[in-house]
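Asks:
Number of protein chains: 2
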Amino acid sequence: MNAVGVIVEYNPFHNGHAFHIEEARKTANADVVIAVMSGNFLQRGEPAIVSKWKRTEMALNAGVDIVFELPYVFATQQANTFASGAVSILEAAGCQSLCFGSESGSMDSFNKTETFLKQHNETYQQQVKYFLEKGNSYPKATSLAYHTLSPANDLIDLSKPNNILGYQYIKAANAMQASIKIFTVTRKNANYHDPHFASETIASATSIRKALFSVDGQLQSIRQYVPETTYGGLLEYKEQYGLFHDWELYWPYLKFRLIQMTPEQLKNIYEVEEGLENRILSSALESESFLQFMEKLKTKRYTWTRLQRTCVHILTNTTKKEMLMKEDKASYLRLLGMTTTGREYLNKYKTDFALPMISKVSAAKNRQLLLDIKASRIYAMGASGSSQKKLLETEFKQPPIIVAK
Amino acid sequence: MNAVGVIVEYNPFHNGHAFHIEEARKTANADVVIAVMSGNFLQRGEPAIVSKWKRTEMALNAGVDIVFELPYVFATQQANTFASGAVSILEAAGCQSLCFGSESGSMDSFNKTETFLKQHNETYQQQVKYFLEKGNSYPKATSLAYHTLSPANDLIDLSKPNNILGYQYIKAANAMQASIKIFTVTRKNANYHDPHFASETIASATSIRKALFSVDGQLQSIRQYVPETTYGGLLEYKEQYGLFHDWELYWPYLKFRLIQMTPEQLKNIYEVEEGLENRILSSALESESFLQFMEKLKTKRYTWTRLQRTCVHILTNTTKKEMLMKEDKASYLRLLGMTTTGREYLNKYKTDFALPMISKVSAAKNRQLLLDIKASRIYAMGASGSSQKKLLETEFKQPPIIVAK
Chain A
1 MNAVGVIVEY NPFHNGHAFH IEEARKTANA DVVIAVMSGN FLQRGEPAIV
51 SKWKRTEMAL NAGVDIVFEL PYVFATQQAN TFASGAVSIL EAAGCQSLCF
101 GSESGSMDSF NKTETFLKQH NETYQQQVKY FLEKGNSYPK ATSLAYHTLS
151 PANDLIDLSK PNNILGYQYI KAANAMQASI KIFTVTRKNA NYHDPHFASE
201 TIASATSIRK ALFSVDGQLQ SIRQYVPETT YGGLLEYKEQ YGLFHDWELY
251 WPYLKFRLIQ MTPEQLKNIY EVEEGLENRI LSSALESESF LQFMEKLKTK
301 RYTWTRLQRT CVHILTNTTK KEMLMKEDKA SYLRLLGMTT TGREYLNKYK
351 TDFALPMISK VSAAKNRQLL LDIKASRIYA MGASGSSQKK LLETEFKQPP
401 IIVAK
Chain B
1 MNAVGVIVEY NPFHNGHAFH IEEARKTANA DVVIAVMSGN FLQRGEPAIV
51 SKWKRTEMAL NAGVDIVFEL PYVFATQQAN TFASGAVSIL EAAGCQSLCF
101 GSESGSMDSF NKTETFLKQH NETYQQQVKY FLEKGNSYPK ATSLAYHTLS
151 PANDLIDLSK PNNILGYQYI KAANAMQASI KIFTVTRKNA NYHDPHFASE
201 TIASATSIRK ALFSVDGQLQ SIRQYVPETT YGGLLEYKEQ YGLFHDWELY
251 WPYLKFRLIQ MTPEQLKNIY EVEEGLENRI LSSALESESF LQFMEKLKTK
301 RYTWTRLQRT CVHILTNTTK KEMLMKEDKA SYLRLLGMTT TGREYLNKYK
351 TDFALPMISK VSAAKNRQLL LDIKASRIYA MGASGSSQKK LLETEFKQPP
401 IIVAK
């Protein structure tokens, strides 16, 4: 059986995602689509609006055959670590290819860009360092450094989030000498972070979330942008748990935790760099909401996303010691769900997988897995009463989700 | 001017306390009554129902002239540490005497008991150790050990909370060779922990709190047991902050924090002794309220009070390293409030005080004071919205309370 891999967050799954999967399956002539998906906390440093289990169910209902979890240790990281964790999982799960969406849809420009950057690596790194020292954020510094190299017109624009990810997938695969073949299809999405609805059926996940959290947030308003199964799934989640998750739900915990901590303790948290600790502590004390806190905290030096990720690590109490292992590969395949076709694939190939597959968590000792469990429990604390209890139990009680297909 | 000291928590101030102050003032022929009072967290390991500021105001309105805060480092401790911190403050503030309430009202029995225990110290300590090893709690072990020494009938019963405290005050004063003269007056209180109303005007603070937190908790029901000024103060607090504080308000934070922590991290917290960490962590995950959690956690080995104190230290993130300094004296006098008479006393004698007096906190460096500030901020997190904001600001903005009297 031929498997194509995709790297996703599905927050939530929408029509643009459905189009991507369809194109990936067609282009690769694949029998199964395998998604590696961030767990309950995402690359943008946010809690997912619904749990990884509900997002898995939505994905399986809409064209994905197998969902593996991208461990916390990769999911809540900058693009290069995120990419290498994700690629290592798809490679281990026997995917022949990996398909990502891009504006150009041309693999040639991506490959040329990767070669170009490899050739100019030394100058590039010097330039990145220079622009960082000038007080720019990391993405801004890399973008500026790239332009000083005067890349040819047929190279890609590395200031766009999707392009950065695509480039990082290729770089990661080359670095680990993966046999997985990477290709790209043209995106039919709105711009990555576009907060407005601009088309009849395609909207960015950002604009969908914005609609869900707006004061008069009616699920109905997003119906045309998502598959019916996503719409139903969101309805169900709201009914079952009474909420969609966002940062504000966790703000009291974050503030409490920051009040508890000394600057020295805060410095042990992953991504809290020199000097940032005092700014974080004083901003927290003065703020009454997460948004207010972030607005106080934001500087030119750090992106909003980067600061949000730091907050996720404070919330989950993830230390530098726990994260800075320089490991670039996953150590397990955590199966979140599968279609019946996906199960067929797993039964046939799982003994050949390069990593052990975990279908149900019991007494975990693995460091990466312990972080995933902790993150899921912290995520559950966003709910209260019986909803919290249900979410807390899921991590150990939930078997992989199966959808007949 | 002649000053008599009292050691109190006033949670809340009631008629029994008023009687005690009156007797103390009369017996000592004192011009001013100085109270050293626990801050926002109490010796029983609980948040005070109203803040230390409101409790100070109630005390000043009802007969106390000066209120100093008993620092967190002493207030949330077992009787001997609590006592030595409190006695050291009254001694430093120039009190000629210290008055405590007891059932017998006889200083003679207390002094005899202290001498008796000093004489039999070695056997006593051996017996305490023996009973602890048998799995008894510390208070139970000391009580059993005491009885094996066959104390004469005119010695005091060391199984009663007020007697234990009285004994500890005497022991502490002797140990620090204090010049303060200790005496006792007969209590006109209900039994210390009595949960029921038993008299027309005198009720225990426990029964008063129980009434306040009962489902149909009407302030009216406690009116006969407290001075009108306490009644008014409680009404005001409820109006201003919308709540009385109890452990359940802090339970989400405690649970969140425990989910964040590894057993190894938990072991660093003060009073989390060998083996207790796993029991605490598993009990927290399974519980949906603080009461449920405590019921799961409770064993013969530890008293309810001791376990609650441990939870306070987890909540405030107070480590063994921070607390275990073997210091038995306070390092400052934190003035919470005074009457005009109290102010006269302070103006006259403060230059002679053995410790610096702090009237307003700014940039604190003192370790004990930093803990007090942290505890107050954590206490504020029990409220939300603008109430939380007001409580958070109090620690730095509130000058000592002054009552004309």
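Listed in order, the protein sequences are those of chains A and B. Sequential numbering of the first sequence, starting at 1, is according to the numbering used here. Sequential numbering of the second sequence, starting at 1, is according to the numbering used here. Note that CB positions come from ideal geometry on N, CA and C, so glycine has one too. Bear in mind the structure is a predicted one, so any value in this text is a computation, not a measurement.
Nearest CA to the CA of V8(B): which residue from A28(B), A59(B), V32(B), K26(B)?
Replies: For the residues A28(B), A59(B), V32(B), K26(B), the minimum Cα distance to V8(B) belongs to A59(B).
Asks: Taking R377(B) as the query, report the chain A residues whose CB atoms sit under 7 Å from its CB, ordered along the chain.
Replies: Within chain A, the residues near R377(B) are I259.
Asks: Between which residues of its own chain and F74(B) is the CB-CB distance below 8 Å, once the five residues before and five after are set aside?
Replies: The answer, listed in chain order, is T81, F82, S84, G85, A86, A330.
Asks: Output yes if chain A places a C-beta closer than 9 Å to the C-beta of K389(B); else output no.
Replies: Cβ-Cβ to chain A under 9 Å: yes for K389(B).
Asks: Listing by chain order, which chain B residues have their CB less than 8 Å from the CB of T316(A)?
Replies: Here the neighbours are Q260.
Asks: Could you name the residues of the same chain whose beta carbon sits closer than 6 Å to that of Y332(A), not counting the 5 residues immediately before and after it, in chain order?
Replies: These residues qualify, in order along the chain: L355, P356, I358.
Asks: Taking only beta carbons into account, state which residues of the segment 286-297 of chain B come closer than 7 Å to chain A, listed in chain order.
Replies: Within the segment 286-297 of chain B, the qualifying residues are E288.
Asks: I'd like to know if the segment 38-53 of chain B and the segment 137-144 of chain B are in contact, where contact means that at least 3 CB-CB pairs between them fall below 8 Å.
Replies: With the cut-off at 8 Å, the segment 38-53 of chain B and the segment 137-144 of chain B do not touch.
Asks: What are the boundary residues of the beta strand (DSSP E) that includes E69(A)?
Replies: Unbroken beta strand (DSSP E) run through E69(A): 66-70.
Asks: Name the chain A residues whose beta carbon is nearer than 8 Å to that of Y253(B)?
Replies: By Cβ distance, chain A contributes P252, Y253, F256.
Asks: By how many angstroms is the C-alpha of V36(A) removed from the C-alpha of G45(A)?
Replies: Distance between the alpha carbons of G45(A) and V36(A): 18 Å.
Asks: So, with DSSP's three-state summary, where would you put T341(A)?
Replies: Residue state, collapsed to three classes: helix.
Asks: Would the segment 364-378 of chain B and the segment 64-73 of chain B be scored as touching if the rule is three or more Cβ pairs under 8 Å?
Replies: Touching, yes.
Asks: Please report the distance separating the alpha-carbon of G63(B) from that of Q265(A).
Replies: Approximately 44 Å, taken between the alpha carbons.
Asks: Please work out which residues of its chain come closer than 8 Å, Cβ to Cβ, to L42(B), disregarding the five sequence neighbours upstream and downstream, and give them in chain order.
Replies: For L42(B), where only same-chain residues beyond five positions count, the Cβ hits under 8 Å are E9, N11, A48, A75, T76.
Asks: Sort G39(A), I66(A), N40(A) by Cα distance to A30(A) and report the nearest one.
Replies: Nearest option by C-alpha distance: I66(A).
Asks: Nearest CA to the CA of H17(B): which residue from G39(B), N61(B), M381(B), K267(B)?
Replies: Taking only the C-alpha atoms, the option nearest H17(B) is N61(B).
Asks: Find the residues of chain A that neighbour M381(B), judging by a C-beta separation of less than 8 Å, and give them in chain order.
Replies: The contacting residues are P252, K255, F256, I259.
Asks: May I have the straight-line CA-CA distance separating F131(B) from T229(B), to the nearest angstrom?
Replies: Going by the C-alpha atoms only, they are around 46 Å apart.
Asks: Enumerated in chain order, which unbroken segments of the beta strand (DSSP E) with a length of 3 residues or greater are wholly contained in the segment 28-96 of chain A?
Replies: Correct list: 32-38, 66-70.
Asks: Starting from G385(B) and walking both ways along the alpha helix (DSSP H), at which residues does that stretch end?
Replies: Here the alpha helix (DSSP H) through G385(B) covers 385-397.
Asks: Drop a sphere of 10 angstroms on the beta-carbon of D372(A), count the other beta-carbons inside from all chains shown, and report buried for 16 or more, exposed for fewer.
Replies: Answer is buried; the Cβ neighbour count reaches 16.
Asks: Which residues in the same chain as Q308(A) place their Cβ atom closer than 8 Å to its Cβ, once the five residues preceding and following it in sequence are excluded?
Replies: The answer, listed in chain order, is R44, G45, E46, W247, M294.
Asks: Please state whether DSSP places A380(B) in a helix, a strand or coil.
Replies: Three-state DSSP puts A380(B) in a helix.
Asks: Check whether the Cβ of S38(A) lies closer than 9 Å to any Cβ atom in chain B.
Replies: Cβ-Cβ to chain B under 9 Å: no for S38(A).
Asks: Taking only beta-carbon atoms, is S51(B) less than 9 Å away from chain A?
Replies: It does not; no Cβ of chain A falls within 9 Å.
Asks: Give a yes or no on whether the C-beta atoms belonging to V272(B) and T310(B) are separated by under 9 Å.
Replies: It is a contact, given that the beta carbons lie within the stated cut-off.
Asks: In chain B, which residues lie with their C-beta within 8 Å of the C-beta of L392(A)?
Replies: L285, listed in chain order.
Asks: Check the Cβ-Cβ distances between S384(A) and every residue of chain B, and say whether any is below 9 Å.
Replies: Output row for S384(A): interface = yes.
Asks: Hey, F244(B) and F213(B): beta-carbon distance below 9 Å or not?
Replies: Yes, the Cβ-Cβ distance between F244(B) and F213(B) is below 9 Å.
Asks: Identify the continuous alpha helix (DSSP H) that holds G232(A) and give its terminal residues.
Replies: That run of the alpha helix (DSSP H) goes 228-241.
Asks: Going straight from the alpha carbon of I21(A) to that of T303(B), what length do you get?
Replies: Cα to Cα, the separation comes out at about 60 Å.
Asks: Taking just the CA atoms, how far does E395(B) sit from R377(B)?
Replies: If you take the alpha carbons of R377(B) and E395(B), they lie about 8 Å apart.
Asks: Determine the direct distance from the alpha carbon of S104(A) to that of L234(A), and round the result to whole angstroms.
Replies: The alpha-carbon atoms of L234(A) and S104(A) are separated by roughly 32 Å.
Asks: Between which two residues does the beta strand (DSSP E) carrying G166(A) extend?
Replies: No beta strand (DSSP E) contains G166(A), which is instead part of the alpha helix (DSSP H) from 161-175.
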